[in-house]
Amino acid sequence: SRASAIQRAGRAGRTRDGACIRLYSEGELNTRLPAQTAPEILSADLTPVAMLLLDWGCSRPEEILNELPFVDPPAEGSLRRALSLLEKLGAVERADSGSRYVITQHGQAIAKMPVHPRLTTCVVKASSQAKVVAAIATAALLDSDMPLGNQGAATSDLSSRVQELFTNGDAARNIEKFAARIGVDAVDSVGKALQNSSFLGDAVSSLGPALLPGFADLVAQKRGTSDGSTIYMLALGRTAILDLRNCAAAAAPDYAIVTETSTSDDGTARIRSFAPISVDSLRDIATESSVVYTEHRKGHQVRARRVVRVGSIELASTPLPTPPAEEVAAALLDAIRKLGGVFDALVKPLSRDRREKLDELRDRVRLAYSLSSRDEQAFWPPYFEALDAQAEVRSGEADEQVLEELVQPWLGACTSLSDVDLHAIL
97 SRASAIQRAG RAGRTRDGAC IRLYSEGELN TRLPAQTAPE ILSADLTPVA MLLLDWGCSR
157 PEEILNELPF VDPPAEGSLR RALSLLEKLG AVERADSGSR YVITQHGQAI AKMPVHPRLT
217 TCVVKASSQA KVVAAIATAA LLDSDMPLGN QGAATSDLSS RVQELFTNGD AARNIEKFAA
277 RIGVDAVDSV GKALQNSSFL GDAVSSLGPA LLPGFADLVA QKRGTSDGST IYMLALGRTA
337 ILDLRNCAAA AAPDYAIVTE TSTSDDGTAR IRSFAPISVD SLRDIATESS VVYTEHRKGH
397 QVRARRVVRV GSIELASTPL PTPPAEEVAA ALLDAIRKLG GVFDALVKPL SRDRREKLDE
457 LRDRVRLAYS LSSRDEQAFW PPYFEALDAQ AEVRSGEADE QVLEELVQPW LGACTSLSDV
517 DLHAIL
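Residue numbers (the numbering used here): 97 to 522.
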């Protein structure tokens, strides 16, 4: 911001006369930079704040936004995303028809811990001492207030950073202090890792599974490489990039738990820290469902699969027999809508002979309609008029609805869009 630039310029003369050299023009200073820096609350992760406020007794989003005396109130969208995450973590549940949030037993367990709810969830739900150590070590590495030195900063891989954390004397003493903030059991687990290298190895190897309870929406699947970086798809539905130079392993893992990201100037999400995880571990939280869809490259043929997935990530898929007629009809109707409507999906792709045959029918109907009396015209079905409107790019939602009602009863008996004979239907 301009205010920040002016304030920083003052530092050049703090102890004696100095010069401030800006690496941009005065025009950029006056036109491109905002007058003031945006309040941190508008960009910060509000999940810890929401957890604290709920623990204090604030149970409704409107109460937090409108009644608490913030210097700068948070954005409503950011607050609701924080509450949604707490709900997914099992820390809160909805009451009073969804208008109020109530802390669960798990939420009460993590509310007093001075660590992000994602990481306290990992600690509380850890099924072994090794997983407790893995979660605490990750929390310590991500805590900007912990004086752990430059532990493995050259790599994004938490496995090597945790290993180094426990073998560095000063950092090891500090992680014991960090564990004390969480509880006695945490101190005992960390102490065991410091004294037993074999147990430490178990903790490092269990990093992925240990972090899964708090980061299920940030499971990442490798999708490809580009310019020395690996592209990942996150379970929440967006992509992120891992710079291979920041990966300690010889190759980026197929699956990972992403614990920290940043956004570059071009809007690309970049992975700053992650832990590898096996596909077998992911199956513990995966959901299984049947999916009916159309395959574009094969004339929008209807296909069905049983899919095992974590969020947007598909772990496994097996073909299924032909689905029920109503599911076939729904898949084909969805394909028609994505292609732009009935005319674009069922008329434009026709061969020349079939298109001429359909146009001939439409011409005959227009003639018959024009020769009918006004009273008779009132009883003519609206399908041909709606089709003409789409052909002339003057149709609206009503015309498309008319045509969908025309073809929908016939879709269940088809196996692809190419099977839908609009001429026969008309």
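Glycine included, each C-beta is placed from N, C-alpha and C at the ideal position. Please read all numbers here as calculations on a predicted model, not as lab measurements.
With residue i as the anchor, note down where its alpha helix (DSSP H) starts and where it stops.
i, result
"threonine 234", "225 to 238"
"proline 144", "143 to 152"
"glycine 492", "Premise fails: glycine 492 is in no alpha helix (DSSP H) and is neither H nor E."
"tyrosine 465", "448 to 466"
"threonine 263", "254 to 263"
"alanine 347", "Premise fails: alanine 347 is in no alpha helix (DSSP H) and is neither H nor E."
"leucine 181", "172 to 184"
"serine 100", "98 to 107"
Roughly how many angstroms lie between the CA atoms of residue i and residue j, to the nearest whole one?
i, j, result
"glycine 304", "proline 170", "32 Å"
"serine 195", "arginine 156", "7 Å"
"arginine 214", "valine 198", "18 Å"
"methionine 209", "aspartate 151", "12 Å"
"alanine 371", "phenylalanine 274", "21 Å"
"glutamine 247", "leucine 307", "Interpretation of glutamine 247 is limited by its pLDDT of 49, a score under 50 that renders its predicted location unreliable; the figure taken from the coordinates is listed afterwards. Cα to Cα, glutamine 247 sits roughly 19 Å from leucine 307."
"arginine 433", "serine 302", "46 Å"
"valine 286", "aspartate 239", "17 Å"
"serine 193", "serine 180", "15 Å"
"alanine 230", "leucine 330", "22 Å"
"phenylalanine 166", "leucine 129", "26 Å"
"threonine 511", "valine 398", "6 Å"
"arginine 190", "serine 413", "34 Å"
"leucine 457", "leucine 502", "16 Å"
"asparagine 162", "serine 100", "30 Å"
"threonine 127", "arginine 118", "15 Å"
"leucine 463", "serine 447", "24 Å"
"glutamate 356", "isoleucine 271", "19 Å"
"asparagine 264", "serine 255", "15 Å"
"glycine 492", "glycine 395", "26 Å"
"glutamate 172", "proline 144", "15 Å"
"glutamate 391", "glutamate 423", "15 Å"
"glutamate 136", "valine 489", "49 Å"
"tryptophan 476", "alanine 485", "16 Å"
Within this structure, are the beta carbons of residue i and residue j separated by less than 9 Å?
i, j, result
"leucine 233", "alanine 299", "According to the sequence displayed, residue 233 carries alanine and not leucine. Cβ distance < 9 Å, so alanine 233 and alanine 299 count as in contact."
"glycine 508", "alanine 431", "no"
"alanine 382", "valine 354", "no"
"leucine 340", "serine 358", "no"
"cysteine 154", "leucine 164", "yes"
"aspartate 281", "valine 211", "no"
"proline 419", "serine 514", "no"
"glutamine 132", "arginine 107", "no"
"alanine 427", "leucine 435", "no"
"aspartate 313", "lysine 221", "no"
"tyrosine 389", "alanine 352", "no"
"serine 374", "arginine 366", "no"
"glycine 310", "threonine 200", "no"
"glycine 368", "serine 252", "The residue asked about is misnamed: residue 368 is arginine in this sequence, not glycine. Their beta carbons are under 9 Å apart, which means arginine 368 touches serine 252 by this criterion."
"histidine 519", "arginine 450", "yes"
"tyrosine 465", "leucine 522", "no"
"leucine 39", "glycine 203", "Here the chain has residues from 97 to 522 only, and residue 39 is not among them."
What residue range is occupied by the uninterrupted beta strand (DSSP E) comprising residue i?
i, result
"proline 60", "Nothing in the structure corresponds to residue 60, since the chain is present only between 97 and 522."
"tyrosine 328", "325 to 330"
"proline 415", "409 to 415"
"glutamate 136", "Looking at the DSSP string, glutamate 136 is not in any beta strand (DSSP E), and its letter there is neither H nor E."
"valine 300", "Run containing valine 300: none in the beta strand (DSSP E); it sits in the alpha helix (DSSP H), 293 to 301."
"arginine 128", "Premise fails: arginine 128 is in no beta strand (DSSP E) and is neither H nor E."
"isoleucine 199", "196 to 199"
"serine 386", "383 to 391"
"aspartate 339", "335 to 339"
"valine 516", "Counting along the chain, valine 516 falls outside any beta strand (DSSP E), and DSSP gives it neither H nor E."
"lysine 318", "315 to 322"
"alanine 400", "397 to 406"
"alanine 191", "188 to 191"
Assuming residue i and residue j make a contact with CB atoms under 8 Å, what is their CB distance in whole Å?
i, j, result
"leucine 499", "alanine 482", "5 Å"
"valine 438", "glutamate 496", "7 Å"
"glycine 407", "leucine 332", "6 Å"
"isoleucine 206", "alanine 187", "6 Å"
"alanine 146", "alanine 178", "4 Å"
"leucine 142", "leucine 175", "6 Å"
"alanine 400", "serine 385", "About 11 Å separates the two Cβ atoms, so there is no contact after all."
"leucine 429", "glutamine 504", "6 Å"
Using a C-beta cutoff of 9 Å, does residue i count as contacting chain B?
i, result
"glutamate 183", "No chain B is present in this structure, which holds just one protein chain."
Touch test, the segment 282 to 294 against the segment 327 to 341, Cβ-Cβ under 8 Å, three pairs minimum: Taking a contact to require three or more Cβ pairs closer than 8 Å, the segment 282 to 294 and the segment 327 to 341 do not qualify as touching.
Stretch-stretch touch, CB-based, cutoff 8 Å, three pairs: the segment 346 to 357 with the segment 256 to 263: Taking 8 Å as the limit for Cβ pairs, the verdict is that the segment 256 to 263 does not touch the segment 346 to 357.
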